[in-house]
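Step one of this worksheet: look at the structure below.
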Amino acid sequence: MNKTDAAARVLKLRQLINDYRYHYHVLDESTMSEAAADSLKHELSVLESEFPDLITPDSPTQRVAGAPAAGFVSVAHSKRMLSLNDVFDFDEIKAWVARLQKLAPNAQLDYFADIKMDGLACALIYEDGLLVRAVTRGDGFTGEDVTLNVRTIESVPLRLRPFDGLEKGRTEVRGEIVMYKADFERLNAQRAAAGQPLFANPRNLAAGTIRQLDPSLVAARPLHFRGYDLQRQDLTETPSNTYEYKAMHALGFLVNTKTLTTDKLDDVFKYIEKWSEKRHSLPYNTDGLVIKIDDRALYERLGVVGKAPRAAVAYKYAAEQATTRVKDIFISIGRTGSATPVAMLEPVVVAGSTVQMATLHNESEIARKDIRVGDTVIVHKAGDIIPEIVEPLVSLRDGSEKPFVMPSVCPECGTSLAKAKAEDAAWRCPNVNCPARAWKRIEHYASKAALDIEGLGEKNVIALLDASHISDAADIYGLRADQLLQLDRFADVSANKLVTAIQAKTRPPLARFIYGLGIRHIGTQTAIDLANNFRSLEALQTATIDQLSGVDGIGDVVAESVVEYFAEESTAQLLTKFKEHDVWPMPVEQVGGPLAGQNFVITGSLQSMSRDQAAEKIRALGGTFQSSLGKDTDYLVVGANVGAAKLAKAAKYGTRQITEADLLKLL
Numbered sequence: 076m077n078k079t080d081a082a083a084r085v086l087k088l089r090q091l092i093n094d095y096r097y098h099y100h101v102l103d104e105s106t107m108s109e110a111a112a113d114s115l116k117h118e119l120s121v122l123e124s125e126f127p128d129l130i131t132p133d134s135p136t137q138r139v140a141g142a143p144a145a146g147f148v149s150v151a152h153s154k155r156m157l158s159l160n161d162v163f164d165f166d167e168i169k170a171w172v173a174r175l176q177k178l179a180p181n182a183q184l185d186y187f188a189d190i191k192m193d194g195l196a197c198a199l200i201y202e203d204g205l206l207v208r209a210v211t212r213g214d215g216f217t218g219e220d221v222t223l224n225v226r227t228i229e230s231v232p233l234r235l236r237p238f239d240g241l242e243k244g245r246t247e248v249r250g251e252i253v254m255y256k257a258d259f260e261r262l263n264a265q266r267a268a269a270g271q272p273l274f275a276n277p278r279n280l281a282a283g284t285i286r287q288l289d290p291s292l293v294a295a296r297p298l299h300f301r302g303y304d305l306q307r308q309d310l311t312e313t314p315s316n317t318y319e320y321k322a323m324h325a326l327g328f329l330v331n332t333k334t335l336t337t338d339k340l341d342d343v344f345k346y347i348e349k350w351s352e353k354r355h356s357l358p359y360n361t362d363g364l365v366i367k368i369d370d371r372a373l374y375e376r377l378g379v380v381g382k383a384p385r386a387a388v389a390y391k392y393a394a395e396q397a398t399t400r401v402k403d404i405f406i407s408i409g410r411t412g413s414a415t416p417v418a419m420l421e422p423v424v425v426a427g428s429t430v431q432m433a434t435l436h437n438e439s440e441i442a443r444k445d446i447r448v449g450d451t452v453i454v455h456k457a458g459d460i461i462p463e464i465v466e467p468l469v470s471l472r473d474g475s476e477k478p479f480v481m482p483s484v485c486p487e488c489g490t491s492l493a494k495a496k497a498e499d500a501a502w503r504c505p506n507v508n509c510p511a512r513a514w515k516r517i518e519h520y521a522s523k524a525a526l527d528i529e530g531l532g533e534k535n536v537i538a539l540l541d542a543s544h545i546s547d548a549a550d551i552y553g554l555r556a557d558q559l560l561q562l563d564r565f566a567d568v569s570a571n572k573l574v575t576a577i578q579a580k581t582r583p584p585l586a587r588f589i590y591g592l593g594i595r596h597i598g599t600q601t602a603i604d605l606a607n608n609f610r611s612l613e614a615l616q617t618a619t620i621d622q623l624s625g626v627d628g629i630g631d632v633v634a635e636s637v638v639e640y641f642a643e644e645s646t647a648q649l650l651t652k653f654k655e656h657d658v659w660p661m662p663v664e665q666v667g668g669p670l671a672g673q674n675f676v677i678t679g680s681l682q683s684m685s686r687d688q689a690a691e692k693i694r695a696l697g698g699t700f701q702s703s704l705g706k707d708t709d710y711l712v713v714g715a716n717v718g719a720a721k722l723a724k725a726a727k728y729g730t731r732q733i734t735e736a737d738l739l740k741l742l
């Protein structure tokens, strides 16, 4: 990128970031996720580092965010409330330590690590032990006086307890005002039941609450203050961060008791890894850790660079949102013929993995979101969730972006695309012999959730199709090792291993076989429901729409899809070939057990096992695992990070809500 283009991009990025920061820090509104804003800020930092003369004093990279809101008295901080520079991996932490060692070559570096809370930063000022003022961080130099509101927070001591004389004179405790996740979900459940709009997230609700002009409203909402910094005029009174936490706790403040003090960087790395998953079980939201030099005298001596202290960094765990650009939009043909637009993206790391593509679902979805080739977009990914584009950042457009036009023919076989019904959103390739549909059907049949045949991934399936060794899923059972050895991809061991893996799956469980057939609208849970109700493939083949619709959770659309699938000539031919290879699913036996007749739904994440593992245990004891909450649901298992809407629905239906510990007792 040349300097002219960079300058234009920098101006747009600054405007967008400043708009976000104003809404986030002043109005307590989120126009995008914090992770997406961090991604934009990172892009701005990179451009400014490449073109240093583009840096200006008012750039978002040069100052702490936030400005006093109208309606509150502005108060100057006695000492600037700084932000922290972010690091995203161990190499960046090592580089930070190397810089400190250059600045203080003879110093002993002891590290102090703590969990980074996602709330509203606030400074509490005490005179001779009495709370006299509470001030938000604001822009770091000046904040808002929210003393009356903070006094309503039960975890804030109005008078300090005696400890080492720190209750005397002027003492300032800085920390975070947070709302616990459980309280947030409870409030949202109440609002959902009352038909009121839901709050966005705990951080925004905490910040918005503390800025209410009526302290009685603040008192009605469960906020918490947790300290992370103790300020005294005489530095010798607070020799280390470790001591500060001990002192704050003794003075009467909530602090994190799971901190780390060490002189070994490897211990810091282990601490980061330890909290990578455990952080989700914390009562408050967090997106990372804070790592500081423990010695406060050295901490102060190392000074400040820009907006942040040199002696501390914030380690950020993999963000679930980031920004990138749409390079192109192409059509992917699925196993059932669905023609799905897919965005090709400039590679970006989201949730710990590199994302280069994101599904756009259908033509209507692209139009609704107004996604164009060349757009800068927000990409979301969490865990195993398929990456998706949240929205384009329209204000960053420069006029070169191109609207998407849906093609009229299949890119794989040239057949005209069509819609099964006029009202359908998706276009489809109706050619059952389309090459893309063929290899995806076979790959799906062999996938982990279906027959789970290791070695039949995309490349091997395409190679076998190209060599005319197979044409459908049934053909794999006729494969011989000598046929596989004709292909460059196989040697003796791998060829025999694949043949053995295939032959081990001639009597698959009925639910896996149904799912493996790739019937439109049939996911893993629906396949299980069909298997449990009809108990044999023969019974399912002859089922009517009325019989299928009678199965809990199956509507007319799914019922019609099943009937249409088994009525097709190609399906009859496929099933005949399976029989010729002596392949047929095992019928389902009637299962009894202590959970027989009981229906379970799980919401949120479990700590002791995955959701799939819990479902298997429930079924093994005769219970039914449901994918969605209904009037017949007996138990809603409430894990971590639950959705308020599901809790409200459970309350409406009178469904019994149990914890993970309760579930383990039943199992």
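Residues in the sequence shown are numbered consecutively from 76, following this note's numbering. Cβ atoms here follow ideal geometry from the backbone N, Cα and C, with glycine treated the same way.
ask   = Taking the alpha-carbon positions, what's the G625 to P505 distance?
value = In the sequence shown, the residue the question calls residue 625 occupies position 550. In the sequence shown, the residue the question calls residue 505 occupies position 430. Answer to the nearest angstrom: the Cα atoms are 29 Å apart.
ask   = How is F259 classed by DSSP in three states: helix, strand or coil?
value = Within the sequence shown, residue 259 is the residue found at index 184, counting from 1. Three-state result, F259: helix.
query = Under 8 Å between the Cβ atoms of E229 and R236?
reply = By 1-based counting over the sequence shown, the position of residue 229 is 154. By 1-based counting over the sequence shown, the position of residue 236 is 161. Not a contact, by the Cβ cut-off of 8 Å.
message = Assuming contact is defined by CB atoms lying nearer than 8 Å, are E247 and A198 in contact in what I supplied?
response = Taking the sequence shown and counting its residues from 1, one reaches residue 247 at position 172. Taking the sequence shown and counting its residues from 1, one reaches residue 198 at position 123. Yes, the Cβ-Cβ distance between E247 and A198 is below 8 Å.
ask   = Going by DSSP, what residues sit across from S149 in a beta bridge?
value = Here residue 149 refers to the residue found at position 74 when the sequence shown is read from its first residue. Its beta-bridge partners are E219.
Proximity winner among F641, V162, D627 and R84, relative to T617 (alpha-carbon distances) = The count along the sequence shown starts at 1 and reaches residue 617 at position 542. Nearest option by C-alpha distance: F641.
request  = Out of F259, H544, L157 and R447, point me to the one whose CA is closest to F216's CA.
outcome  = Residue 216 sits at position 141 when you count from the first residue of the sequence shown. Nearest option by C-alpha distance: L157.
First through last residue of the alpha helix (DSSP H) which encompasses H324 = Counting from 1 along the sequence shown, the entry for residue 324 is found at position 249. Here the alpha helix (DSSP H) through H324 covers N316 to L326.
message = For the beta strand (DSSP E) containing K740, name the first residue and the last one.
response = The sequence position of residue 740 within the sequence shown is 665, counting from 1. If you look at K740, you'll find it isn't in any beta strand (DSSP E); it sits in the alpha helix (DSSP H) that goes E735 to L741.
query = When the distance is taken between beta carbons, is E438 closer than 8 Å to W502?
reply = As a position in the sequence shown, residue 502 is number 427, starting the count at 1. As a position in the sequence shown, residue 438 is number 363, starting the count at 1. Contact flag set, yes.
request  = Please report the residue range of the alpha helix (DSSP H) in which Y640 lies.
outcome  = Stepping through the sequence shown from its first residue, residue 640 is reached at position 565. Counted as a single uninterrupted DSSP element, the alpha helix (DSSP H) harbouring Y640 occupies residues D631 to A642.
request  = Pick out whichever of P277, G363, G489 and V343 has its Cα sitting closest to the Cα of I408.
outcome  = Residue mapping note: residue 408 aligns to position 333 of the sequence shown, counting from 1. Relative to I408, the option among P277, G363, G489 and V343 whose CA is nearest is G489.
message = For the beta strand (DSSP E) containing Q306, name the first residue and the last one.
response = Counting from one through the sequence shown, the residue named residue 306 turns up at place 231. Counting along the chain, the beta strand (DSSP E) containing Q306 begins and ends at H299 to Q306.
query = Measuring CA to CA, which of K534, S470, L373 and E639 is closest to A495?
reply = As a position in the sequence shown, residue 495 is number 420, starting the count at 1. Nearest C-alpha to A495: E639.
key: With 16 other Cβ atoms within 10 Å as the buried cut-off, status of N508   = For the purposes of this step, residue 508 is identified with residue 433 of the sequence shown, where counting begins at 1. By the neighbour-count rule (16 or more Cβ atoms within 10 Å), N508 is not buried but exposed.
key: F405 burial status per 10 Å Cβ neighbour count (16 or more: buried)   = Position 330 of the sequence shown holds residue 405. Taking all protein chains in view, the Cβ of F405 is surrounded by fewer than 16 other Cβ atoms within 10 Å, so the residue is classified as exposed.
ask   = In angstroms, rounded to a whole number, what distance separates the CA positions of L86 and L649?
value = Start at 1 with the first residue of the sequence shown, and residue 86 comes out as number 11. Start at 1 with the first residue of the sequence shown, and residue 649 comes out as number 574. Here the alpha carbons of L649 and L86 stand approximately 60 Å from one another.
query = So what's T79 in DSSP terms, helix, strand or just coil?
reply = Locating residue 79 in the sequence shown gives position 4, where the first residue counts as 1. Looking at T79 - three-state DSSP - the assignment turns out to be helix.
task = Determine the direct distance from the alpha carbon of L298 to that of I252, and round the result to whole angstroms.
result = Mapped onto the sequence shown, residue 252 falls at position 177. Mapped onto the sequence shown, residue 298 falls at position 223. Cα-Cα distance, rounded: 7 Å.
message = Once DSSP output is grouped into helix, strand and coil, what is the label at R84?
response = Within the sequence shown, numbered from 1, the residue matching residue 84 stands at position 9. R84 falls in the helix class under three-state DSSP.
ask   = Which value, in whole angstroms, describes the spacing of the CA atoms of F238 and R226?
value = Within the sequence shown, residue 238 is the residue found at index 163, counting from 1. Within the sequence shown, residue 226 is the residue found at index 151, counting from 1. Computed Cα separation, rounded: 21 Å.
request  = May I ask you to check if the CB of L615 is nearer than 7 Å to at least one heavy atom of the ligand MG?
outcome  = Among the components modelled here there is no ligand, and therefore nothing to report on the ligand MG.
key: Beta-carbon gap between E466 and K444 smaller than 8 Å   = In the sequence shown, the residue the question calls residue 466 occupies position 391. In the sequence shown, the residue the question calls residue 444 occupies position 369. Taking the C-beta atoms as reference points, K444 is found nearer than 8 Å to E466.
query = A275: which of A671, L262 and A188 sits nearest, CA to CA?
reply = Translated into the one-based positions of the sequence shown, residue 275 becomes position 200. Ranking the options by Cα distance to A275, first place goes to L262.
request  = Within the same chain, show all residues whose beta-carbon is closer than 8 Å to that of L737, passing over the 5 residues directly before and after it, in chain order.
outcome  = Here residue 737 refers to the residue found at position 662 of the sequence shown. According to the sequence displayed, residue 737 carries Asp and not Leu. So the qualifying residues of the chain are V712.
ask   = Which of helix, strand or coil does DSSP assign to L700?
value = Position 625 of the sequence shown holds residue 700. Note that residue 700 corresponds to Phe in the displayed sequence, not to Leu. In the three-state reduction of the DSSP assignment, F700 falls in the strand class, which pools E and B.
ask   = Can you tell which of L742, T581 and I347 has its C-alpha closest to the C-alpha of A393?
value = The residue labelled residue 393 in the question sits at position 318 within the sequence shown. Closest by C-alpha distance to A393, out of L742, T581 and I347, is I347.
task = Would you tell me roughly how many angstroms separate the C-alpha atoms of E375 and D203, rounded to the nearest one?
result = Translated into positions along the sequence shown, residue 375 becomes position 300. Translated into positions along the sequence shown, residue 203 becomes position 128. Take the alpha-carbon of E375 and the one of D203: they are about 25 Å apart.
request  = May I ask you to report which of helix, strand or coil DSSP gives P478?
outcome  = Numbered from 1 along the sequence shown, position 403 holds the residue referred to as residue 478. In the three-state reduction of the DSSP assignment, P478 falls in the strand class, which pools E and B.
message = Suppose contacts are defined by Cβ-Cβ distances below 8 Å. Is T336 in contact with T311 by that definition?
response = Translated into positions along the sequence shown, residue 336 becomes position 261. Translated into positions along the sequence shown, residue 311 becomes position 236. With respect to the 8 Å criterion, T336 and T311 are not classified as neighbours on the basis of their beta carbons.
key: Nearest candidate by alpha-carbon position, reference A281, set D258, K721 and T699   = For this step, residue 281 is matched to residue 206 along the sequence shown. Ranking the options by Cα distance to A281, first place goes to D258.
key: Residue burial classification, E319 (beta-carbon count within 10 angstroms, cutoff 16)   = Within the sequence shown, the letter at position 244 stands for residue 319. E319 is buried by the Cβ-count criterion.
task = State the beta-bridge partners of D161 as determined by DSSP.
result = Start at 1 with the first residue of the sequence shown, and residue 161 comes out as number 86. In the DSSP output, where bridge partners are listed per residue, D161 has A389.
task = Take A549 as the anchor and find which of P232, L526 and N571 has the nearest alpha-carbon.
result = Taking the first residue of the sequence shown as position 1, residue 549 is located at position 474. Nearest option by C-alpha distance: L526.
request  = Mind reading off the beta-carbon distance from R400 to L373? Whole number of angstroms is fine, and I expect it under 8 Å.
outcome  = On the sequence shown, residue 400 is found 325 positions in, with the first residue counted as 1. On the sequence shown, residue 373 is found 298 positions in, with the first residue counted as 1. Going by Cβ atoms, the distance from R400 to L373 rounds to 43 Å, so no, they are not a contact pair.
message = Bridge partners for L195 per DSSP, in chain order?
response = Within the sequence shown, numbered from 1, the residue matching residue 195 stands at position 120. Secondary-structure assignment with DSSP links L195 through a beta bridge to I252.
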